[in-house]
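J.: Following this message is one structure expressed as structure tokens.
Number of protein chains: 2
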Amino acid sequence: MLHDPAQLDLMFQALADPARRQMVDRLSRGPASVSQLAEPLAMSLSAVVQHLNVLEASGLVRTEKLGRVRTCQIEPKALGAAENWINERRLAWERRLDRLGDFLAETKDHT
Amino acid sequence: MLHDPAQLDLMFQALADPARRQMVDRLSRGPASVSQLAEPLAMSLSAVVQHLNVLEASGLVRTEKLGRVRTCQIEPKALGAAENWINERRLAWERRLDRLGDFLAETKDHT
DNA sequence: GCAATGCTGAAGTAATTGCTTCACTATTGT
DNA sequence: ACAATAGTGAAGCAATTACTTCAGCATTGC
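Chains A and B are the protein sequences, given in the same order. Heads up, the first sequence is in our numbering, so the first residue is 2 and it goes up one at a time. Heads up, the second sequence is in our numbering, so the first residue is 2 and it goes up one at a time.
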């Protein structure tokens, strides 16, 4: 299971920017060209391309160039890796609280 | 629902560092002091405190000082916010693929 | 009272980030 | 052929990040 720390670094780092999250949001509704991604963002096309490169390096987005237009889509498996990490920690935390609850209940029974 | 972009920035940014993820990991197994958090990390205590401040600012960790020792614990609701954002995008993406599947199936029927 | 412990805060520094602008190339439409 | 479109690439720059060291300051144990 994809637990490479460096991969998670790139992933969370990629999601840590509002412009990039907006791009992912846009792509979650369907593929888009670079210009389409750029349209709602208040920054130069160059800046958008740089963000896109970050997203691609993180594995969250895959792109393909046909003619002069580069089409971008989400790579859903990648999102899963981030989700997994969070889930695992939440699970560990919940299990701990359960054990704590059991312990408290048991202690109470024995008083 | 907590959809404050700035909040998500802090959250994902906080999770984008391996040392900080390790700290969250440790805390998911139970509360710890600053020194305990620092112990497995190959960096100065000061550095650890700085990471801890990032985690606290993101809302992921809550700390309380008693005497000279500061005890840290996870704030599980915060983790949920990151999880939610990811889930929502995944959902949007899945719904889109479903519609696409329906469309293709329908198209196939009509040939 | 004194030393060890547990942390805090400031200053400094090298690397990285998030942009910008400008110059450029490749493709498409007329 | 020519102009408009779509994107690329490099240089530059201010702000932020991830540390470091060093100097401190409460609290605790003896």
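Even glycine gets a Cβ: it sits at the ideal position worked out from N, Cα and C. The structure displayed is predicted, hence computed values, not measured ones.
1) Taking Cβ-Cβ distances shorter than 8 Å, what residues in chain A pair up with B:Ala79?
2) Flag A:Leu56 as yes if its beta-carbon sits less than 8 Å from any beta-carbon of chain B, otherwise no.
3) Tell me the DSSP bridge mates of A:Thr72?
4) Does the distance from the C-beta atom of A:Pro41 to that of B:Asp10 stay below 8 Å?
5) Would A:Leu105 pass as an interface residue toward chain B - the criterion being a Cβ-Cβ separation below 8 Å?
6) I'd like to know if A:Asp5 contacts chain B, where contact means its C-beta is closer than 8 Å to some C-beta of that chain.
7) Within the chosen definition, does the segment 50-69 of chain B reach the segment 25-41 of chain A through at least 3 CB pairs nearer than 8 Å?
8) Quick one: what does DSSP say B:Met44 is sitting in, helix, strand or coil?
9) Using a Cβ cut-off of 7 Å, pull out every chain A residue sitting near B:Ala93, in sequence order please.
10) Which residues mark the beginning and the end of the alpha helix (DSSP H) in which A:Ala7 is found?
11) Anything in chain B within Cβ reach of A:Pro19, meaning under 9 Å, just list it in chain order.
12) Name the residue from A:Arg91, A:Leu61, A:Gln23 whose alpha carbon lies nearest to the alpha carbon of A:Ala43.
13) Examine the Cβ distances between the segment 72-86 of chain B and the segment 70-81 of chain A and report whether three or more of them are shorter than 8 Å.
14) Along chain A, which residues have their Cβ under 7 Å away from the Cβ of B:Leu16?
15) Under 8 Å, Cβ to Cβ, is there at least one residue of chain B near A:Asp99?
16) Within 8 Å of any Cβ in chain B, is that where the Cβ of A:Ala83 sits?
17) Are the CB atoms of A:Arg97 and B:Gly31 within a distance shorter than 8 Å?
18) Quick check on B:Val70 - is its C-beta less than 8 Å from some C-beta in chain A?
19) Relative to chain B, which residues along the segment 35-52 of chain A have a C-beta separation below 7 Å, given in chain order?
T.: Working from what's here:
1) Numbered from its first residue, the second sequence carries residue 79 of chain B at position 78. Near B:Ala79 there are no residues of chain A at all, since even the closest Cβ is about 10 Å away, more than 8 Å.
2) Residue 56 of chain A sits at position 55 when you count from the first residue of the first sequence. No, because no Cβ of chain B sits closer than 8 Å to the Cβ of A:Leu56.
3) Reading the first sequence from its first residue, position 71 is the one you call residue 72 of chain A. Beta-bridge pairing links A:Thr72 to A:Ser34, A:Glu65.
4) Within the first sequence, the letter at position 40 stands for residue 41 of chain A. Within the second sequence, the letter at position 9 stands for residue 10 of chain B. Cβ atoms of A:Pro41 and B:Asp10: not closer than 8 Å.
5) As a working note, residue 105 of chain A is residue 104 in the first sequence. It does not; no Cβ of chain B falls within 8 Å.
6) For the purposes of this step, residue 5 of chain A is identified with residue 4 of the first sequence, where counting begins at 1. No, no contact with chain B.
7) For the pair of segments examined, the segment 50-69 of chain B was found not to touch the segment 25-41 of chain A: the number of CB pairs separated by less than 8 Å stays below three.
8) In the second sequence, residue 44 of chain B corresponds to position 43, counting from 1. Coil.
9) On the second sequence, position 92 is the one that residue 93 of chain B refers to. Chain A residues near B:Ala93: Ser29, Arg30.
10) In the first sequence, the residue the question calls residue 7 of chain A occupies position 6. In this chain, the alpha helix (DSSP H) harbouring A:Ala7 covers 6-16.
11) One-based indexing of the first sequence puts residue 19 of chain A at position 18. Within 9 Å Cβ-Cβ: Pro6, Ala7, Leu9, Asp10.
12) Here residue 43 of chain A corresponds to residue number 42 of the first sequence, with the count starting at 1. The shortest C-alpha to C-alpha distance from A:Ala43 to any of A:Arg91, A:Leu61, A:Gln23 is the one to A:Gln23.
13) Counting Cβ pairs under 8 Å, fewer than three are found: no touch.
14) Position 15 of the second sequence, counting from 1, holds the residue named residue 16 of chain B. Within chain A, the residues placing a beta-carbon under 7 Å from that of B:Leu16 are Phe13, ordered along the chain.
15) For the purposes of this step, residue 99 of chain A is identified with residue 98 of the first sequence, where counting begins at 1. No, its Cβ sits nowhere closer than 8 Å to a Cβ of chain B.
16) In the first sequence, residue 83 of chain A corresponds to position 82, counting from 1. Yes, its Cβ sits closer than 8 Å to a Cβ of chain B.
17) As a working note, residue 31 of chain B is residue 30 in the second sequence. As a working note, residue 97 of chain A is residue 96 in the first sequence. Cβ atoms of B:Gly31 and A:Arg97: closer than 8 Å.
18) In the second sequence, counting from the first residue as 1, residue 70 of chain B sits at position 69. So, not an interface residue.
19) Residues passing the 7 Å Cβ filter: none.
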